[in-house]
Every structure is written in structure tokens, then in C-alpha cells.
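Colleague:
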Amino acid sequence: MTQERKGWLSSRFAELSTGLKMLLILSLGLFPLGLIAILASIESARDNSERRVERTLSRLEVKAQRINGLLARSASTIRAASAAVSLTPPGSAVCANTLQRLARAQTTPGRFALYASDGSLHCATPGFVPPQPSTHLARQRSVIEITPDGALLRFALFDDLGVLEGMGEFDREALSHLTLLPGTMPDFDLELWQGERRMVLREGYEPGPLSRPVQSMAPVAGERLKLKIVVGAVPVSAAEVLMILLPLMMLIWTAAISWVVLDRLLLKPLARMQRAVSAYRPGDRELDLPRLTTPAREIVDLGQAFDQVTRTVARHEAELEAAIDRQTRLVREVHHRVKNNLQVVASLLNLHARGAASEEVGAAYASIQRRVDALAVVHRNHFAELEENRGVALRSLLSELGANLRATAPTSAAHMQIRLAIEPYHVTQDVAVSVAFLVTEIVEYAMFCGARSVGVSLAGDGAATARLAVESDALQGDAACDERLTDRFDRIITGLSRQLRSSLERDPGAGRYALDISVLDKFES
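Numbering-wise, our numbering comes out as the position in the sequence shown, counting from 1, plus 1402.
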């Protein structure tokens, strides 16, 4: 068998249910024993049939001996009394006594006739009219024949001179009774044959679908007659058929009982338990196990173990939910504290800016305040997205940041416009902080350089990055700005671009700064 064939059989066997697999395994395991038992039963039935035939055929010799004994006793009695009968007149007591002796000596009734020395009838059994024997039979000492109608068996005895000494006959019923042995079944055919003539002594054989005729012959009266028996050899009787089928029925019964026990006591309870476990959903407090009445204690223990596990999982889930709730409350508390602290810092910076001794000091306080505001904006937007866990929305972040920048703009940039074109992308908190500081630095630098408008855009193609660009007329190459301010600005935005792990691109002709940032996803608001 090829490996492909074995693999196919293995896969097909694996697809069967466990009950059917068990039934097949038990059937294959018990089949050799059942086959041996069936073959042994068939052989035993065959031997029994042969012994029955042998016993029936062996009784044929006994039957033939009974007929021979009947004829021999009759002949010896007639010959022994022949001389005395010849010397007495007809109707004498000697003749009557001889007939009585013949009747007593036979177990089977017959009719007899005795003749004188001249061949005349001396006496006969009452009612018996002997036929006249043929003259050509006188050359034989004894003659035996079956009548043409098969109803009688006759014999005649002659002396050395060919004179008839006596005759006798036996009918079919008497010979049939003689050949039936006591205690034997009459299920056979028995016939006396003499050439074309035959006498049916018994008709007990009935052909059947399983029987075959077996016949045998035995010589009678010195082979002048043949005793033929026909018996049916039944290879298997009804009882023997039952004995042959008994191992097969036991095999089937054993396999069926094993399958029922396995299916009812093991597989069905496991299937019910499997459906209950499959129906269990996270969040369910209890496992709705069916009531198991199986005597298999292990299955009941398994169900209780499942129930205990689900209770443990439910308890742990409740504890986790409580812990998450406590953590959420703590995060909210931290958020409120950080927000309040940032507001306090921004208020303090605003107060210091108003009370500054010079315009330069006030501008410094305002610059610091813008960065604190940028950090506060990121913090507020990050906490607002904690419930959905999608990251920080850059559209709302940059909108709020732009409003704060316009509110804190110096007098020289009071009429500066900030245009936003932001697609709804979300980013992590680290990226949001760097983006907020980068936009704040670029917009503030444009303010100080006399910008009339600033444009902030964010666009992408749906991939993991989006392009952030800040454009202003004050960022063009010919714009007049303080050299020290420009040098500091370049160092800061270069550092922020590195923190964003991106290369900052500058287009002096268009007054534009752009770089790619990592985004989480795009959500339409």
C-alpha cells in the first residue's frame, strides 16, 4: 500500500465519529475469534452429519440380517419337519404342530404351506392359498422372489429330487416392522430389490434444500435380493445453524453493547458538556452545565472542574474590572492634577508677563507660556482619547493650538492668520508632543519675522505616515529676521525633527517646512 493510500485511509478514519471508530475497532478485534468459532462450528456440524449417515448405514446390515434370519428360521423349521409331515396323513396333528412352531419361531407374522412327498398340499396357514410354483424352479433347492406388485415376499423349498417341501410368504407391512429398529428415526427410504421388482418397506426420506441423498445396499438371501437404503445427509441442522451463527451473533452483540456503553455513558455526556462549554461566553458568571447522570465518575469530575474554572475566571475578571476601574479613576485624578498644574503655570507666566519690567522680558514669558499651552493642549487631547484608545487626534490638537497661538500673539502679529488643512489622523502621545512643539516653534518664528499668515496642513495616502507642512511668507528666503533668533530656531526644529525620526525639508522659495510623521490611523469625525 502506497503512502498516499495510507494517508487517505488515515484521514478518512480520522473523520469518523469516536463511536463508529470504537465499533470498527471492536469488530476487527473480535472478527478473528468469531471466524475461528464459526469454522469450528461448521466442522463440528459436518462431522455430526457424517456420523449420522454412518450410523444409519451401519444399521442397514442389521436390517439385512433380520430378513436373512427370518428366512433362515422359516426354512430350517420347514426342512426339519418335512420328513415327519410326509409320513402322516393330511390334516394330522404333526402338520398343525409344525405350523404352530413356525408361527412361534417368527417375530414377524407370515403364512406357510407344507407339502407331502408326492408334492400335494398337506396343510397351510388358515386363509393361505399358495400359488402353484413353476416347474422350472424345481431344479433349485430354494426359491425366493418378490411378487410383481411388490406387496409380498415368497419363498419355496424343494428336496433333492425337486419335490416341493413347503412355501411361505411375508407381506410388506410385516417386513417394514421387522426392519425398523427401536429407538431410531424413520427418516430414510428402505426397499427390497430383485431385478426390476422392488418392495418399498419405508418412505421416510424427504429432500430438503440443504440435504443430499446418500444410499447403500446390502445383500439378502445369498445376494438373490438387495436391501437398499436412502438417507438424507443434512450438512447442517437448524440447531447446528444456530450454533454456527452464535459466535457471529455474539460478536455483533458484543460490539453493539460496547458501542452503546461508549456512546451512552461517555460520548453523549462529553458532547453535552462540549456544547455547554462552547455556549459559555466571557462575562458569564457561571457555566450552565447539563445534569450528568452517567456512572462515569471522571466525566462528572471533569464537569465540576470546568465549573470551578469558570467561577475562578469570573472572579478574576471581576477583580480585573475593579482594578481597571480603580486605575481609570487614578488616571483621571492624575490628569486633573496635571491639567490644574499646567493651568497654574500658565497663569503664573501670564501674570509675570504682564508685570514684566521691559518688553523683552514680557516676550520671553509669552514664549514660555506658548510652550506650556502646547503641552497642555496635547495633554487634554490625549486624555480625551483614552476612552476609545485611538491615539491623539491631530485635527483637534492643531485647531486648539492655533487658537492659543493667535490669542498669545504679540502686538506686531495681532492680525496674522493661521489657516488649517488637517486630515483626521491620530498619532501617539510622543508624536503629538513633538508635533505641537514643532508647530509652535515655526509659527512663533513666523510671528517674530512679521508674518501676515501661516498655513498648517496634514495629508497622507492612507499609509503609516502623513506629511506635515507649515508655510508662511515670513519663512521665505528673503524675509528679514534676527540672525540670533534664526540660529536658535534652526537648532530647535532640527532637534524636534530628529525626535520625530524624520528629515525636515525646507523650501525657501515657498517659505515652507515639511516632514513625514508616523500616524496610527485615519478616523472621520
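Note that CB positions come from ideal geometry on N, CA and C, so glycine has one too.
In this text, all values refer to a predicted model and were calculated from it rather than measured experimentally.
How long is the line joining the alpha carbons of ASP1520 and GLU1567, rounded to whole angstroms?
Modeller: Your numbering for residue 1520 matches position 118 in the sequence shown. Your numbering for residue 1567 matches position 165 in the sequence shown. Approximately 9 angstroms, taken between the alpha carbons.
Colleague: Of the choices LEU1732, ALA1681, PHE1839, whose alpha-carbon is the least far from that of LEU1800?
Modeller: Translated into the one-based positions of the sequence shown, residue 1800 becomes position 398. With distances taken between Cα atoms, LEU1800 lies closest to PHE1839.
Colleague: Could you pull out every unbroken beta strand (DSSP E) segment of at least 3 residues lying fully inside the stretch 1794 to 1851, listed in chain order?
Modeller: Here the runs fully enclosed are 1819 to 1824, 1827 to 1829.
Colleague: Whose C-alpha, out of ARG1797, LEU1902, ALA1811, THR1810, is nearest the C-alpha of ILE1824?
Modeller: Translated into positions along the sequence shown, residue 1824 becomes position 422. Looking at the Cα atoms, ARG1797 is the closest of the given residues.
Colleague: Can you name the residues that DSSP bridges to SER1855?
Modeller: Position 453 of the sequence shown, counted from the start, is the residue given in the question as residue 1855. Note: SER1855 sits in a beta bridge opposite GLN1819.
Colleague: Using only the alpha-carbon positions, how far apart do GLY1879 and ALA1912 sit?
Modeller: The residue you call residue 1879 lines up with position 477 of the sequence shown. The residue you call residue 1912 lines up with position 510 of the sequence shown. Each residue's Cα considered, the two are about 8 angstroms apart.
Colleague: I'd like to check one pair, GLY1857 with GLU1873: are the Cβ atoms closer than 7 angstroms?
Modeller: Sequence index remark: in the sequence shown, residue 1873 carries index 471 (1-based). Sequence index remark: in the sequence shown, residue 1857 carries index 455 (1-based). Yes, the pair counts as a contact, with Cβ atoms nearer than the cut-off.
Colleague: Who does GLY1862 pair with in a DSSP beta bridge?
Modeller: What you label residue 1862 is simply residue 460 of the sequence shown in a count that begins at 1. GLY1862 pairs with ALA1868.
Colleague: Alpha helix (DSSP H) containing ARG1969: first to last residue?
Modeller: Outside the displayed range of the chain (1403 to 1927) lies residue 1969, so it cannot be described from this structure.
Colleague: Quick check: what's the CA-CA separation for LYS1630 versus TRP1595?
Modeller: Along the sequence shown, read from residue 1 onward, the residue named residue 1630 stands at position 228. Along the sequence shown, read from residue 1 onward, the residue named residue 1595 stands at position 193. Distance between the alpha carbons of LYS1630 and TRP1595: 7 angstroms.
Colleague: Identify, in the order they occur along the chain, each residue of the same chain with its Cβ nearer than 6 angstroms to the Cβ of SER1488, setting aside the five sequence neighbours on each side.
Modeller: The residue you call residue 1488 lines up with position 86 of the sequence shown. For SER1488, where only same-chain residues beyond five positions count, the Cβ hits under 6 angstroms are ALA1518, SER1519.
Colleague: Would a C-beta distance cut-off of 7 angstroms place MET1818 and ALA1811 closer than the cut-off?
Modeller: Here the question's residue 1818 lines up with position 416 in the sequence shown. Here the question's residue 1811 lines up with position 409 in the sequence shown. Yes, these two residues count as a Cβ contact at 7 angstroms.
Colleague: Between which two residues does the beta strand (DSSP E) harbouring PHE1891 extend?
Modeller: Translated into positions along the sequence shown, residue 1891 becomes position 489. Here PHE1891 belongs to no beta strand (DSSP E); instead the alpha helix (DSSP H) covers 1885 to 1901.
Colleague: Our contact map puts ALA1871 next to ARG1914 with C-beta atoms below 8 angstroms; I'd like the distance itself, whole angstroms only.
Modeller: Walking along the sequence shown from the start, residue 1871 turns up at place 469. Walking along the sequence shown from the start, residue 1914 turns up at place 512. With a Cβ gap of about 6 angstroms, ALA1871 and ARG1914 count as contacting.
Colleague: Could you tell me how far apart the beta carbons of LEU1473 and ILE1546 are, in whole angstroms, since I believe they sit closer than 8 angstroms?
Modeller: If you number the sequence shown from 1, residue 1473 lands on position 71. If you number the sequence shown from 1, residue 1546 lands on position 144. That belief holds up - the Cβ atoms of LEU1473 and ILE1546 are roughly 7 angstroms apart, short of 8 angstroms.
Colleague: If you measure between the beta carbons of LEU1603 and THR1581, is that distance less than 7 angstroms?
Modeller: The residue given as residue 1603 occupies position 201 in the sequence shown. The residue given as residue 1581 occupies position 179 in the sequence shown. It is a contact, given that the beta carbons lie within the stated cut-off.
Colleague: Within 7 angstroms (strictly less), CB to CB, does GLY1804 reach chain B?
Modeller: Absent from the structure: chain B. Only one protein chain is present.
Colleague: Taking the C-alpha atoms as reference points, what is the distance between LEU1435 and LEU1441?
Modeller: The count along the sequence shown starts at 1 and reaches residue 1435 at position 33. The count along the sequence shown starts at 1 and reaches residue 1441 at position 39. Cα to Cα, LEU1435 sits roughly 10 angstroms from LEU1441.
Colleague: Starting from GLN1676, trace the alpha helix (DSSP H) both ways and give me its first and last residue.
Modeller: Position 274 of the sequence shown, counting from 1, holds the residue named residue 1676. From DSSP, the alpha helix (DSSP H) with GLN1676 extends over 1670 to 1681.
Colleague: Considering only the beta carbon of each residue, do ALA1498 and LEU1559 sit closer than 7 angstroms?
Modeller: Reading the sequence shown from its first residue, position 96 is the one you call residue 1498. Reading the sequence shown from its first residue, position 157 is the one you call residue 1559. No, the Cβ-Cβ distance between ALA1498 and LEU1559 is not below 7 angstroms.
Colleague: DSSP state of TYR1769, grouped into three classes?
Modeller: Your numbering for residue 1769 matches position 367 in the sequence shown. This sequence places Ser at residue 1769; Tyr is not what is there. Looking at SER1769 - three-state DSSP - the assignment turns out to be helix.
Colleague: Which whole-angstrom value is the C-beta distance of LEU1554 and ASP1573, which I expect to be below 8 angstroms?
Modeller: The residue you call residue 1554 lines up with position 152 of the sequence shown. The residue you call residue 1573 lines up with position 171 of the sequence shown. Indeed, because the Cβ distance is near 6 angstroms, the residues count as touching under 8 angstroms.
Colleague: Identify the residues that DSSP records as bridge partners of PRO1621: which are they?
Modeller: Residue 1621 sits at position 219 when you count from the first residue of the sequence shown. Looking at the DSSP assignment, PRO1621 forms a beta bridge with LYS1628.
Colleague: So if DSSP puts MET1645 in a beta bridge, which residue, or which two residues, is it bridged to?
Modeller: Here the question's residue 1645 lines up with position 243 in the sequence shown. Bridge partners of MET1645: none, in fact.
Colleague: With burial defined as no fewer than 16 other Cβ atoms inside 10 Å of the residue's Cβ, what is the status of MET1651: buried or exposed?
Modeller: Reading the sequence shown from its first residue, position 249 is the one you call residue 1651. Counting Cβ neighbours within 10 Å, MET1651 comes out exposed, since fewer than 16 surround it.
Colleague: When you compare each of ASP1884, ALA1673, THR1730, MET1645 to GLY1705 by their alpha carbons, which one comes out closest?
Modeller: Along the sequence shown, read from residue 1 onward, the residue named residue 1705 stands at position 303. Checked all of ASP1884, ALA1673, THR1730, MET1645; the closest Cα to GLY1705 is ALA1673.
Colleague: So, does the stretch 1652 to 1661 touch the stretch 1614 to 1634, judging by three or more C-beta pairs under 8 angstroms?
Modeller: Because the criterion of three Cβ pairs below 8 angstroms is not met, the stretch 1652 to 1661 and the stretch 1614 to 1634 do not touch.
Colleague: Using the C-alpha atoms, what's the distance from TYR1607 back to LEU1523?
Modeller: Your numbering for residue 1523 matches position 121 in the sequence shown. Your numbering for residue 1607 matches position 205 in the sequence shown. Their Cα atoms are separated by approximately 43 angstroms.
Colleague: Thinking C-beta only, is THR1500 closer than 7 angstroms to ALA1483?
Modeller: Position 81 of the sequence shown, counted from the start, is the residue given in the question as residue 1483. Position 98 of the sequence shown, counted from the start, is the residue given in the question as residue 1500. For ALA1483 and THR1500, yes; Cβs fall inside 7 angstroms.
Colleague: Note down the Cα distance separating VAL1746 from ASN1752, rounded to an integer number of angstroms.
Modeller: Position 344 of the sequence shown, counted from the start, is the residue given in the question as residue 1746. Position 350 of the sequence shown, counted from the start, is the residue given in the question as residue 1752. Spanning the two alpha carbons is a distance of roughly 10 angstroms.
Colleague: Quick one: measure Cβ to Cβ for LEU1898 and GLU1843, integer angstroms, because I've assumed they're closer than 8 angstroms.
Modeller: Sequence index remark: in the sequence shown, residue 1898 carries index 496 (1-based). Sequence index remark: in the sequence shown, residue 1843 carries index 441 (1-based). Confirmed, about 7 angstroms.
Colleague: Taking MET1645 as the reference, give the member of THR1509, ARG1453, SER1446, SER1905 with the closest Cα.
Modeller: Taking the sequence shown and counting its residues from 1, one reaches residue 1645 at position 243. Comparing Cα positions, the closest option is SER1446.
Colleague: Can you give me the start and stop residues for the beta strand (DSSP E) that VAL1345 sits inside?
Modeller: The chain is shown only over 1403 to 1927; residue 1345 falls outside these bounds and no answer can be derived.
Colleague: Do you know how far the Cα of PHE1557 is from the Cα of ALA1466?
Modeller: Mapped onto the sequence shown, residue 1466 falls at position 64. Mapped onto the sequence shown, residue 1557 falls at position 155. The straight-line gap from Cα to Cα measures roughly 16 angstroms.
Colleague: Using the three-state DSSP reduction, which class does ASP1520 fall into: helix, strand or coil?
Modeller: Taking the sequence shown and counting its residues from 1, the one referred to as residue 1520 is at position 118. ASP1520 falls in the coil class under three-state DSSP.
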